[in-house]
Amino acid sequence: MEVTQVLLNAQSIDGSVRKHAEDSLKQFQEQDLPLFLISLSQELSNDEKPVESRKLAGLILKNALDAKEQHRKLELVQRWLSLDSTVKTQIKTCLLQTLSSLAPDARSTASQVIAKIAGIELPQKQWPELIVSLLSTIHQLPAHVKQATLETLGYLCEEVSPDVLDQDQVNKVLTAVVQGMNASEGNNDVRLAATRALYNALGFAQVNFSNDMERDYIMRVVCEATLSHEVKIRQAAFECLVSISSSYYEKLVPYIQDIFNITAKAVREDEEAVALQAIEFWSSICDEEIDILEEYGADFIGDSSIPCFYFIKQALPALVPMLLETLLKQEEDQDQDEGAWNIAMAGGTCLGLVARTVGDDIVPLVMPFIEENITKPDWRQREAATYAFGSILEGPSADKLTPIVNVALSFMLTALTNDPNNHVKDTTAWTLGRIFEFLHGSTMDAPIITPTNCQQIIRVLLQSMKDVPNVAEKACGALYFLAQGYEDVGPSSPLTPFVQEIVQSLLTVTHREDAGESRLRTAAYETLNEIVRCSTDETASMVLQLLPVIMMELHNTLEGQKLSSDEREKQGELQGLLCGCLQVIIQKLGSSEPTKYAFLQYADQIMGLFLRVFACRSATVHEEAMLAIGALAYATGSEFAKYMPEFYKYLEMGLQNFEEYQVCAVTVGVVGDICRALEDKILPYCDGIMSQLLKDLSSNQLHRSVKPPIFSCFGDIALAIGESFEKYLMYAMPMLQSAADLSAQTSGADDEMTEYTNTLRNGILEAYSGIFQGFKNSPKTQLLIPYAPHILHFLDSIYMERDMDDLVMKTAIGVLGDLADTLGSNAGSLIQKSVSSRDFLNECLSSEDHLIKESAEWAKLAISRAISTTEAVGLEVVTNSCIITNIFTNICISMELGSDFVTEEWIFKVLQMVGNLLQ
Amino acid sequence: MAPNELHRLYKRPPISDQQKRRELSLRRQEQSRRDAQLQARRLASTLFSLSSSQTLEETSEPDIDLVSEPQPDFQPENESVSSPSDLDLDVRQASKLRGSEARKWFARQLMLPEWMIDVPDRLSHDWLATRSYITTDSRQRNCQCHHFPRLCPACLTASGSCQSYSILDCIFHEMDQTYYVIDMICWRGYSLYDCTAEFRFFWLNSKLAETGACDPPSQYHRYRFSLVPIYTCDQSGLHSAYAGAVPYVKDGLLFYNKHAHYQPGNTPLALVWKDENCSQYVIDTDSKGQVPSQQQVVLELLHDGKLITSDDPPVVFGFLELEFTQKSGLHPGNLLRFSIGNGGLHTVDGKLEKADLHYFGKSNRARAFADSYSKIMFQYSVRHSPLRIDDLVASISSSDDEGNGPSDVEMAV
């Protein structure tokens, strides 16, 4: 087979030629994978071949090593690892050779492939000589090879995690990279490659950043690179600074003054790509300080928490004027362009973050700018002034802002009506929205919106909803926050007299020809949702009238026939919006008795519509319709049983949707809703649901965030069907136990992992809770006794780890009570013997969290009852001869309980579940 | 090496409405799960204690009385009767229970006042409410029985679903076909167990009227609900409670400690008191409605022969020889009736030392519990040295004098 020609044909503009070539490549790969890969690597390394075929060879090679989908990726990793080592060596040799090629594209492609292989092999302790072989001769290499080597290091750092390289290797990599970045490096390509490589390597430099000398050196080199003559190098160097600002915030004190000087210069003078990064540096510092100050506010005193150095507060007098200048550099029509991002937008965004960081202090620095510019004839000045005002509305206190807003409000309303410039109107409407979002609501001492101006505000906003799409969209947004502020206003809302007109105007907007632009239709429906959510008893009848209107809209989307794919997508989007709106209406009407009865007469029709929407099959609709069905089940209660025969298949489909994990997650939640609605009437569907949930747990394709809710769902099912859960125990319990063990092992990792671990624990505990309560007073409670020691051990481990959050604490102590409650005397002695139950209980009893205390008091009651019966009965409870701590013992338990069902496949499933839980 | 092409949100709120919808759904689901969990824990847990109380050590089956009785009024019309042996119940299932089983179940959920033997300290300060008691039927002498007609308004209004149920503590007054509501335990799924009496009464007053339950009966609710008036516990309040006119037959006064949470079972934080002026039934009558010459008490027999009250922990009043119990065919858990002989009750420092008990026979099968300690002591004192209304008034006026401030205590009739 002539590989070169096939590769060239595969890029032919002639479809049939291309198709033929692709087929041949596929065939080749299937017939002889090792030879296929070797051929590709040889093609890539061969300087005689055309660049196009070399590039494609490299690309196919890369795709043979990695995929986006997690499970496919794992397959490819396994496939590579199982190749014969001589094959792998041959391929690697070709790739390393290619780094010396004179063709830049070939070198660059080879760099990426090498990094992919490194990403697979280094964690397996294979290819240990890679780094050394790349770096040993770097000083003697010609510039183009040096550049390729540094690029390879950069990709490599992106592929592998920092713990894979030892410190010696890290030092070597950083030394090579920083030397490549140095001003003394004459070749710009080398310097750029080194700077980009540093960006990825920063995550490896923890130790080096703790060493003053090494850190000084790195920082000096980075700062110097920001002054390079080559714009790409300057941009890459600022990107490094941005990354350093979040990774090494606490190390920045000695450098911050210099960094301010160079960023200020870049913002004022440099090209936009560079200036954007310079602004981003300060936005990123704001992010850090907002986080730290939030932690201070939550009076969280962790030992490891980073102190705030108040960089923003100190830089404020210079930083704010610099940012205000950027606001005047708007682009024409930037509001019509979804993807636009320019220096004025970045500057205003940063100003907003600065306001959130420093609060009141920013106000006097910005007010003169606003006052000076807001009435100027040049639209840029008016817009910049308005944007500055809108940006600082979050952060400063209401006391500080309210007097200013009271003066500005009528000016804003006039501008929204009369300003000739769309851009100004857009920003004005947005600013009004921000005013309502942050300064209007029942918690405010001095209301911004009064009976005197309320009508005028609403009139202006409704008028603006007829303006061009981008302005109308912002007006909808402002109305959204206006309504939100009246959310908990009580039975009588100031909005009541206007609701009818608002609803009508919003519906009119949704029918505008141009409602597809600037996400106007979406905004209108979202505002409608908020109006519904904030409706009161006074306006309940209007919400009820809205219901058939939205149903009719949804019905109309189902009538279209033979749609193009573009039309189909639009239809799906619209159905999503309508289902979302119905969900909000159902939830609202279902929450009070009188409206619920009025609403229930539509239930059959609504459900019929949802079923038809499902039949259209579009993922976003699927999710919205599913959410709406959850609300419907909640409202209808046991009546929902009649929809189950038809609905069940979609429920199953939802649970099978691994790719769009949000859909799966939402469906899991709906299973819970249905359990509570149907109670034991859900039993006929439980086999199917449970088997799908178990499959989900074992899946490596499903996003890990869905797995804790699946455990909670076990609890919902158990609570609904009681002792009928018996037949699922042998499947669910080993899963729960293994997951529990896993969660004990993973604690102590980073914050993100701790958070996930806590979510996982909460799910597991909710499952136990539901199961125990479900079995209560059943003659079959003894089936749960064998699991009790492990659960108590799990609770001990949670208590000892001391990294649980309040929710886990509450659920955990509740489980202790449930266990005592259901097992009674059988649990009493186990609890008495457990390591920390007593301490755990006492700690929870003295908790200030109301929910924890409540659970603890319940647990105390149940335990004291269990213990007192233990004593009275004098039963010799079988004590836990072994604390079960590993997966295999867990499985043994299920074998004892029902050996018929425990197959190798099942054991494999449990192991798989554990393996995939953390991915 | 992805260059940092971070675009921050521009003129967009950080959370989309879709995300908000998801989160609100999640919150609703979490709340529902929590409610379901609490319901299972709180309401069914007492069943557990029924089946595993000390009396049942040797009987694996709880001693459920299956006497067929006229069905109570609160049954939902369209529900089928669940198996009485199925003890795994929540309130909705429990509402299907019949007869003494229902009586036992619901009685376990209720706060049962103790009898006032002494005037509590700070009666007018910490003690919140008194209210009168209603008797429905002169033959029913056990006040606890009058609590049983409880109901779930959601069932009453022919709701298809009891997703959010309410539990009221009320007394059915046959003469005007009205439920007099004396307390609220759960309102539309919102538990009031953890709320103080003061708050519960406030909530009861404001919420019940909203439902229209106090309106004249319609096809959705056969019976009217009515609130029992609550008075501040000062001189005039006590007077109104004691002497005021009410549309029902009074049977004593109830005092509530205003800080007390709702606590199922006997509690010293709610107290009942009566005298001849405010009750027809100060001294217990027997099954024929006659006042027996000697005070009668009902006690529970334990396997070791001890005779105990219904208190938690129980008070031991006496002891039966094993031989005697075997001969008389008595079993642990039986409720037995005794009369108090001339030897009376001897107490030392408020603790019972000796009781002169004479076995009378098994008690009426409709009884769910033995007498409480405070009831026995109250009845004993009524026959010997009753606590009089003057004692209560004196207690209030003396503490008013001390306090000087306006009384913050409430009281109901």
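From first to last, the protein sequence lines are chains A and B.
Using UniProt numbering, the first residue of the first sequence is number 1, and each one after it goes up by one.
Using UniProt numbering, the first residue of the second sequence is number 1, and each one after it goes up by one.
Ideal Cβ positions, reconstructed from N, Cα and C, are used throughout, including at glycine.
Straight-line Cα distance separating residue j from residue i
{"i": "Gly774 of chain A", "j": "Cys664 of chain A", "result": "25 Å"}
{"i": "Pro13 of chain B", "j": "Phe309 of chain A", "result": "28 Å"}
{"i": "Val77 of chain A", "j": "Leu9 of chain B", "result": "36 Å"}
{"i": "Ser108 of chain A", "j": "Ala201 of chain A", "result": "18 Å"}
{"i": "Gly770 of chain A", "j": "Ser374 of chain B", "result": "39 Å"}
{"i": "Glu437 of chain A", "j": "His555 of chain A", "result": "34 Å"}
{"i": "Asp805 of chain A", "j": "Asn758 of chain A", "result": "7 Å"}
{"i": "Asn373 of chain A", "j": "Cys454 of chain A", "result": "27 Å"}
{"i": "Lys588 of chain A", "j": "Ala603 of chain A", "result": "14 Å"}
{"i": "Pro645 of chain A", "j": "Asp333 of chain A", "result": "53 Å"}
{"i": "Leu351 of chain A", "j": "Leu506 of chain A", "result": "32 Å"}
{"i": "Thr417 of chain A", "j": "Leu558 of chain A", "result": "38 Å"}
{"i": "Ala67 of chain A", "j": "Leu578 of chain A", "result": "35 Å"}
{"i": "Ser28 of chain A", "j": "Thr98 of chain A", "result": "Here the sequence assigns Phe to residue 28 of chain A, which means Ser is not the residue at that position. Their Cα atoms are separated by approximately 23 Å."}
{"i": "Gly814 of chain A", "j": "Lys860 of chain A", "result": "9 Å"}
{"i": "Ala523 of chain A", "j": "Lys20 of chain B", "result": "14 Å"}
{"i": "Gln126 of chain A", "j": "Leu141 of chain A", "result": "26 Å"}
{"i": "Glu321 of chain B", "j": "Lys288 of chain B", "result": "30 Å"}
{"i": "Glu567 of chain A", "j": "Glu517 of chain A", "result": "15 Å"}
{"i": "Leu74 of chain A", "j": "Ala615 of chain A", "result": "33 Å"}
{"i": "Met377 of chain B", "j": "Arg27 of chain B", "result": "51 Å"}
Limits of the unbroken alpha helix (DSSP H) element including residue i
{"i": "Tyr231 of chain B", "result": "It is not in any alpha helix (DSSP H) - Tyr231 of chain B instead sits in the beta strand (DSSP E) that spans 230-232."}
{"i": "Glu553 of chain A", "result": "540-557"}
{"i": "Thr98 of chain A", "result": "85-98"}
{"i": "Met607 of chain A", "result": "603-616"}
{"i": "Arg196 of chain A", "result": "188-201"}
{"i": "Trp341 of chain A", "result": "First-last for Trp341 of chain A: undefined, no H or E at that position."}
{"i": "Met175 of chain B", "result": "Looking at the DSSP string, Met175 of chain B is not in any alpha helix (DSSP H), and its letter there is neither H nor E."}
Boundaries of the beta strand (DSSP E) in which residue i is found, first to last residue
{"i": "Asp251 of chain B", "result": "250-257"}
{"i": "Lys351 of chain B", "result": "351-362"}
{"i": "Trp127 of chain A", "result": "Careful: Trp127 of chain A lies outside any beta strand (DSSP E) and carries neither H nor E."}
{"i": "Lys649 of chain A", "result": "Unbroken run through Lys649 of chain A is the alpha helix (DSSP H), 644-656; no beta strand (DSSP E)."}
{"i": "Gly395 of chain A", "result": "Looking at the DSSP string, Gly395 of chain A is not in any beta strand (DSSP E), and its letter there is neither H nor E."}
{"i": "Ile308 of chain B", "result": "306-308"}
{"i": "His346 of chain B", "result": "335-348"}
{"i": "Ala515 of chain A", "result": "Neither: Ala515 of chain A is in no beta strand (DSSP E) and is coded neither H nor E."}
6 Å CB neighbourhood of residue i in its chain, flanking five on each side removed
{"i": "Leu807 of chain A", "result": "Asn762"}
{"i": "Ile114 of chain A", "result": "Leu95, Thr152"}
{"i": "Ala346 of chain A", "result": "Leu276, Ile279"}
{"i": "Arg141 of chain B", "result": "Note that Arg141 of chain B has pLDDT 24, beneath the 50 cutoff, so the model's placement of it is unreliable and the number below is only indicative. Same-chain partners within the cutoff: Asp284, Thr285."}
{"i": "Ser743 of chain A", "result": "Thr757, Leu760, Arg761"}
Same chain, Cβ closer than 8 Å to residue i, neighbours up to 5 away in sequence not counted
{"i": "Ser310 of chain B", "result": "Asn266, Glu300, Phe369, Ala370, Asp371, Ser372"}
Check your understanding: Just by C-beta distance, which residues in the region 168-187 of chain B are closer than 9 Å to chain A?
Key -> none
Point to revise | Sequence ranges, alpha helix (DSSP H) only - wholly within the region 718-791 of chain A, length at least 4 | key: 726-746, 751-775
**Study point:** Interface positions of the region 716-749 of chain A facing chain B (Cβ-Cβ less than 7 Å), listed along the chain
**Key:** Asp716, Leu719, Gly722
Check your understanding: Going along the region 526-538 of chain A in order, which residues come within less than 9 Å of chain B, judged by CB to CB distance?
Key -> Glu526, Thr527, Asn529, Glu530, Arg533
Review point. Of the residues that make up the region 248-271 of chain B, which ones have a beta carbon closer than 8 Å to any beta carbon in chain A?
Key: none
Point to revise | Completely contained alpha helix (DSSP H) runs for the region 554-597 of chain A, where each covers 4 or more residues | key: 565-590
Check your understanding: If you measure beta-carbon to beta-carbon, which residues of the region 665-686 of chain A are closer than 9 Å to chain B?
Key -> Ala665, Val666, Gly669, Val670, Gly672, Asp673, Cys675, Arg676, Ala677, Glu679
Practice item. Quick one: which residues of the region 370-402 of chain B get their C-beta closer than 9 Å to a C-beta of chain A? List them in chain order. Key: none
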